[in-house]
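Protein chains in written order, with my numbering: chain A, 5 to 754; chain B, 3 to 166; chain C, 218 to 316.
Encoded as structure tokens, the structure appears first; notes follow it.
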Amino acid sequence: MWMLENAFLIPLIPALSFAVILFFGKRVIGSGRVHLIGITAVSLIWVLSLVAAFQWTQRVEHPSSDAIAQISVDDHGDDHGDDHGDDHGDDHGDDHGDDHGDDHGDDHGDDHGDDHGKAAMHSESGHGGGHGSALISPVVTSYSKWWSNGGVDFAIGTHVDGLTVLLLVVVASISLLVHIYSTEYVKGDRRYVHYYAFLSLFTAAMLFFVMAQNIVQLIVGWELVGVCSFGLIGHWWEEKPNTDAALKAFLTNRVGDIGLLVGMIVLWGTFGTFSIDAINTAISASPGTQHFALLVAACCLMAAVASKSGQFPLHTWLPDAMAGPTPVSALIHAATMVVAGVYMIARLYPVFYDGFSIGTSSINLMAFIGGFTALMGAGLAFAQWDIKKVLAYSTVSQLGYMVMALGVGAWTAAIFHLFTHAFFKACLFLGAGSVSHAAHHTFDMRKMGGLKKFMPHTYWTFVIATLALSGIFPFAGFWSKDEILLGAKVGQQSGYPLMLIFGCAVAFMTAAYMTRVVWYTFHGEYRGHGHPHESPKVMTVPLWILAGMALVGGAFNLPGPVLKPFGLEGLAHRVQTYAEPSVYLSGLGLSHPDPSLSMALIGLGLALSGIIVTYLYFWRNMGPKGLTERNKYAKAGYTFLENKYYLDYLYNDIIVASIKKPIANSANWFNQNVLDKAVNTAGESARDSGRWIYKWIDQGAIDGSVNAAARGADTSGEGLRTIQSGKVQNYGQLLFGAAAVLAIVFVIVI
Amino acid sequence: MVAQNIAFGIISGIVVLSALRMVTTRNIVHSALFLVAVLAGLSGQYVLLAAEFVATTQVLVYIGAVMVLFLFGIMLTKAPIGKSMQMTGTQWPIAAGVALMLGAVILYSLLDQFGSERVTEGGKIYRTADVGDEVFSTYIIPFEAISVLLLAALIGAIVLARKD
Amino acid sequence: MLLNQFLILGAVLFCIGVYGVLARKNAVMVLMSIELMLNAVNINMVVFGVQHEVVSGQVFALFIIAVAAAEVGVGLAIVLLLYRNQTSIDVEDFDLMKG
């Protein structure tokens, strides 16, 4: 398992590439060739991350004795000690304090007898989903004293488990494709070197982030990806909207960062350690004991998630972030960086699970924010004319979906959706970039249309990704979305009915707005000028690869019953088997719902009806003139769909007005008839008493004393005024003189 | 110890005399050069105290960088180079009184408090490596804060001083 | 060596610095006097570090040197700005705060 223990190499390579590109890119290598370095580095890490993924599956499939956590969830720490020598063991021993120190020191490996009873209970309740019984511990390497301050040691290291390798593969794959795609897209750009340097730095930061061993590293990686995002959104900073968008993204993220810092400090204060492994283990060993602290921490971290992953109400930066180059939008603002928040929830899941009582509630903050964001993002996506903004709001919506899934306890579904979403959303964004590349750098769908015949490759890949996003069988999105809906329906102890409604509505809306995008972009008449053309191979090949993943990505977590006819049940739920850190989650009693055919059919039916309704709508209004004809039809009568379509109109004129008017009327009546009368009566009596008070108390007693005080202040002010010369040296003389006099007083007194 | 005391005496004499001349001379460039003498003398005192790294830094930062900055400041503000009657303000007697009062109270408390206490001799000598260890372990956060402060000062100085 | 000989040297330099700050008219010279005061403090830091056999004294002396450098940079920038706006760096000319 060499790769898992030396995983630090993976972020190191793109970091080196960043340094080389930045310092030697322009002069030594030549700005036209810097992409070679970037692509080489990312190819290398792509291979390494695949190796890591393979080795992790081997670790799960054929666990050696040191890979299996002891049956007591308390004790899985001792195999780290065996693996990685003394410093890791010492680190844990020092940090944990009384409760956990014993279990983590490497020479205490055997005395855990008294924990067996409780642990057996945990492991039994934790395996409802029917995966293997062995709890595979993560590969944690740690250099226990990176730096220290005030007696607190800060470790640095890597924490590699299934979740990490899954993110490694996603980030490396998409980063590689985006690097290749960008060679054409930003060709001849005035800051080509800067662009590739930032791409490398971003890749390094994201990889560093996902394999963070402790929460301090999480913060460092989190901020690094934020900086890269800032730099790349403002890539064309000569134009004011771009710099504004970059600043907005940066500042909005700062708001969440306060939450991140406070949340991490609360975690540290509660558990006395920064190690993710130790925190998760401590919570899962004794769930519920630190509930309040975890609630505070989870709320604070939720603010960070809201800013980074574009959740309501801090989502506003994400659509503006589309000002950056399109491949960057694909890499950072759709597939990788924005899932950092989702990843952090998944990484510290025991904190959220315990803090928000996910197991026992039927609604909680995280599920609600996620569900609401999903609904709101999907709604806003209807009202956009900019193809990238539609996709941006779609991203907001889908991230909300993931957060909602985590909020209802469907850990695997959320991560699986993260995995599939990364591929098809990257495909959609790169497709949008390809369209814009062809159609004279516009993203306005009103200037597109009919591009199907000009750019067939882009069209078909876009359609495949759209179907995947909409959740049509058998594309990737179908499987992951189905699992989320199922998770919301079944929940843990009780279902999450509101989340299920949100999820179903979003499934319908997603299909509808994506069909609208496909319609406006690729069908009908071409409404732009000039002659659009298909993008070169260097752009279409990555599109096809991503479309391929959108097509087959669902195969990684197929439910058992689907595979049963083929005799491949052993391959069911691979993401769940490999990625889920059951060593942490089993202690929480996380259960997995059984696959449900009816739920899958409902989800599929909603998506299909979304597509069909939108298709019919556009088909009926197609007409010979397309765009102009639509307004005429709109005047004839409003259908439900059209109201959906004019979403901003709906928001402003119908909902707001309809709520505003009756409330305003009734408030007016209440004001005139009830409040006014009461106020008048009170006013009259107050006036009478006021007159009396004015005459005797105010004029007589108070006014006199106030006037006297004012005169006194005036006189003394005139006197003190002369000291205020305005010259700094006079003030200095007074300062030092007064200090000297005081010192003399002290010397005499003491 | 005698040699050290003699060295201390000589250097202190130079330092104090230079400092006095620095605040009394009428030539601003001379004033800057007297400050160089004071700083160099203090560097010598640090060597006497076996603080080699501080001594080196004193020379590098103060005499090398800060003094050049001062000379640039004198040039850029077109201060009269050469003798000028206007170097000391009209309120110098008050300033002198305040300084003497302050000096008197400090001297009294020092003599009262430390009397004839001697500097620890033959104690552990901290070399540059020890200082480095301490800066990058115990004082890493203050160190980072200082670096941010320097960055802020750099940006602030540019923002203030540039012509726009 | 007496502890006091260093402390008194520092005290004398500090007071000379105070005099310079309070009496000099030229803003650059005021800044130089402030440097003198900071150096006087540095001596105390180092000598107390030696006295108590800790390295912190030297470390803080270094921090003070860094802060002083930052202070001189900003201070001179302000002086330049004053000179550009008022064509004078005589501290007695600036009395906008006069009451």
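From the three backbone atoms N, C-alpha and C, an ideal C-beta is built for every residue, glycine too.
Since the model is a prediction, treat every value here as computed from it, not as a measurement.
Query raised in the report: If we cut at 8 Å on Cβ distances, does residue 741(A) have a partner in chain B?
Result: Indexing the first sequence from 1 puts residue 741(A) at position 737. Chain B, which has a Cβ nearer than 8 Å to the Cβ of residue 741(A), makes this yes.
Query raised in the report: Distance, Cα to Cα, residue 49(A) vs residue 8(A)?
Result: Position 45 of the first sequence holds residue 49(A). Position 4 of the first sequence holds residue 8(A). One C-alpha to the other measures close to 13 Å.
Report task. Give the interface partners of residue 315(C) over in chain B, defined as CB-CB distance under 9 Å, in chain order. Result -> Numbered from its first residue, the third sequence carries residue 315(C) at position 98. What residue 315(C) touches in chain B: nothing, since even the nearest Cβ is about 15 Å away.
Query raised in the report: Is any heavy atom in the ligand NAP found nearer than 7 Å to the beta carbon of residue 141(A)?
Result: Absence of the ligand NAP is noted for the structure shown, with no ligands found whatsoever.
**Report entry** Length of the line joining the Cα atoms of residue 560(A) and residue 279(A)
**Finding:** Position 556 of the first sequence, counted from the first residue, corresponds to residue 560(A). Position 275 of the first sequence, counted from the first residue, corresponds to residue 279(A). Answer to the nearest angstrom: the Cα atoms are 30 Å apart.
Requested in this report: Scan the segment 276–345 of chain A and note each continuous beta strand (DSSP E) run of 3 residues or more that stays entirely inside, going in chain order.
Outcome: As summarised for the segment 276–345 of chain A, there are no continuous beta strand (DSSP E) elements at least 3 residues long confined to that stretch.
**Report entry** chain B residues whose Cβ lies nearer than 9 Å to that of residue 256(C)
**Finding:** Your numbering for residue 256(C) matches position 39 in the third sequence. Residues of chain B passing the Cβ test: 40, 41, 44, 60 and 64.
Query raised in the report: Just how far apart, CA to CA, sit residue 16(B) and residue 249(C)?
Result: Counting from 1 along the second sequence, the entry for residue 16(B) is found at position 14. Counting from 1 along the third sequence, the entry for residue 249(C) is found at position 32. Taking the straight line from one Cα to the other gives about 18 Å.
Query - Collapsed DSSP secondary structure at residue 147(B) in the structure displayed - result: Taking the first residue of the second sequence as position 1, residue 147(B) is located at position 145. DSSP places residue 147(B) in helix when its eight states are reduced to three.
**Report entry** Below-8 Å beta-carbon distance, residue 269(A) vs any chain B residue
**Finding:** By 1-based counting over the first sequence, the position of residue 269(A) is 265. Chain B contact via Cβ: absent.
**Report entry** Nearest-angstrom Cα separation, counted from residue 175(A) out to residue 211(A)
**Finding:** The residue you call residue 211(A) lines up with position 207 of the first sequence. The residue you call residue 175(A) lines up with position 171 of the first sequence. Distance between the alpha carbons of residue 211(A) and residue 175(A) is about 7 Å.
Query raised in the report: So with Cβ pairs under 8 Å, would you call residue 35(B) a contact of chain C?
Result: On the second sequence, residue 35(B) is found 33 positions in, with the first residue counted as 1. Answer no: the Cβ-Cβ gap between residue 35(B) and chain C never drops below 8 Å.
Query raised in the report: If contact means a Cβ-Cβ distance below 8 Å, which residues of the segment 11–25 of chain B contact chain C?
Result: Answer set for the segment 11–25 of chain B: 14, 17, 18, 21, 22, 24 and 25.
Query raised in the report: residue 164(A) by DSSP, collapsed to three states: which one?
Result: On the first sequence, position 160 is the one that residue 164(A) refers to. Reduced to three states, the DSSP call for residue 164(A) is strand.
Report task. Output the boundary residues of the alpha helix (DSSP H) element that contains residue 424(A). Result -> Counted from its first residue, the first sequence places residue 424(A) at position 420. Note, residue 424(A): alpha helix (DSSP H), 415–442.
Query raised in the report: For residue 227(A), which residues from the same chain have a beta carbon less than 8 Å from its beta carbon, with the 5 sequence-adjacent residues on both sides left out?
Result: Position 223 of the first sequence, counted from the start, is the residue given in the question as residue 227(A). Once the five neighbours on either side are set aside, the close Cβ partners of residue 227(A) are 261.
Query raised in the report: How should residue 161(B) be labelled, buried or exposed, when 16 other C-beta atoms within 10 angstroms of its C-beta is the threshold for buried?
Result: Start at 1 with the first residue of the second sequence, and residue 161(B) comes out as number 159. Exposed, because fewer than 16 other Cβ atoms sit within 10 Å of the Cβ of residue 161(B).
Query - Local conformation of residue 611(A) per DSSP, three classes - result: Numbered from 1 along the first sequence, position 607 holds the residue referred to as residue 611(A). Here residue 611(A) sits in helix by DSSP.
Requested in this report: Just tell me which of 264(A), 283(A) and 281(A) has its CA closest to the CA of residue 307(A).
Outcome: Numbered from 1 along the first sequence, position 303 holds the residue referred to as residue 307(A). Taking only the C-alpha atoms, the option nearest residue 307(A) is 264(A).
Query raised in the report: Nearest to residue 331(A) by alpha carbon, out of 741(A), 181(A), 394(A) and 456(A)?
Result: By one-based count along the first sequence, residue 331(A) stands at place 327. Looking at the Cα atoms, 181(A) is the closest of the given residues.
Requested in this report: Please state if the CB of residue 64(B) and the CB of residue 78(B) are separated by a distance shorter than 8 Å.
Outcome: Position 76 of the second sequence, counted from the start, is the residue given in the question as residue 78(B). Position 62 of the second sequence, counted from the start, is the residue given in the question as residue 64(B). No. Outside cutoff.
Query - Sequence-distant residues of the same chain with beta carbon closer than 6 Å to residue 254(A), five excluded per side - result: Within the first sequence, numbered from 1, the residue matching residue 254(A) stands at position 250. If you ignore the 5 residues before and after residue 254(A), its C-beta comes within less than 6 Å of the C-beta of 234, all in its own chain and listed in chain order.
Report task. State the start and end residues of the unbroken alpha helix (DSSP H) segment that holds residue 165(B). Result -> What you label residue 165(B) is simply residue 163 of the second sequence in a count that begins at 1. It is not in any alpha helix (DSSP H) - residue 165(B) carries neither H nor E in the DSSP assignment.
Query raised in the report: Short check: CB of residue 506(A) to CB of residue 375(A), under 8 Å?
Result: For this step, residue 506(A) is matched to residue 502 along the first sequence. For this step, residue 375(A) is matched to residue 371 along the first sequence. Contact: yes.
**Report entry** Segment contact flag, the segment 63–70 of chain A with the segment 210–224 of chain A, C-beta cutoff 8 Å, min 3 pairs
**Finding:** no
Report task. Examine chain C for any beta-carbon lying closer than 8 Å to the beta-carbon of residue 266(A), and answer yes or no. Result -> For this step, residue 266(A) is matched to residue 262 along the first sequence. Chain C contact via Cβ: absent.
Query raised in the report: With a CB to CB cut of under 6 Å and the five nearest residues on each side skipped, what residues in its chain are close to residue 324(A)?
Result: Here residue 324(A) is taken as the residue at index 320 of the first sequence, counted from 1. Closer than 6 Å at Cβ, skipping near neighbours: 249 and 252.
Query raised in the report: Whose CA, out of 157(A), 373(A), 378(A) and 304(A), lies closest to the CA of residue 276(A)?
Result: By one-based count along the first sequence, residue 276(A) stands at place 272. Checking every option, the nearest Cα to that of residue 276(A) belongs to 157(A).
Report task. Taking all protein chains shown into account, decide if residue 486(A) is buried (16 or more other Cβ within 10 angstroms of its Cβ) or exposed. Result -> Translated into positions along the first sequence, residue 486(A) becomes position 482. The residue in question, residue 486(A), is buried, as its Cβ has 16 or more Cβ neighbours within 10 Å.
Query - With 16 other Cβ atoms within 10 Å as the buried cut-off, status of residue 257(A) - result: Counting from one through the first sequence, the residue named residue 257(A) turns up at place 253. Residue environment for residue 257(A): buried (at least 16 other C-beta atoms within 10 angstroms of its C-beta).
**Report entry** Neighbourhood of residue 311(A) by C-beta, 6 Å cutoff - its chain only, sequence neighbours within 5 removed
**Finding:** Here residue 311(A) refers to the residue found at position 307 when the first sequence is read from its first residue. 256, 257, 259, 260 and 318.
Query - C-beta atoms of residue 452(A) and residue 531(A) nearer than 8 Å - result: Against the first sequence, residue 452(A) aligns to sequence position 448. Against the first sequence, residue 531(A) aligns to sequence position 527. Yes, they are a contact pair.
Query raised in the report: Using a beta-carbon distance cut-off of less than 8 Å, what residues from the segment 141–158 of chain A approach chain B?
Result: 151, 152, 153 and 154
Report task. Return the bridge partner residues of residue 218(A) from the DSSP annotation. Result -> Indexing the first sequence from 1 puts residue 218(A) at position 214. 279(A), per the DSSP bridge assignment.
Query raised in the report: Do the segment 389–399 of chain A and the segment 427–442 of chain A meet, that is, are 3 or more Cβ pairs less than 8 Å apart?
Result: yes
Query raised in the report: If we cut at 8 Å on Cβ distances, does residue 309(C) have a partner in chain A?
Result: Numbered from its first residue, the third sequence carries residue 309(C) at position 92. Taking Cβ atoms only, chain A reaches closer than 8 Å to residue 309(C), which makes this a yes.
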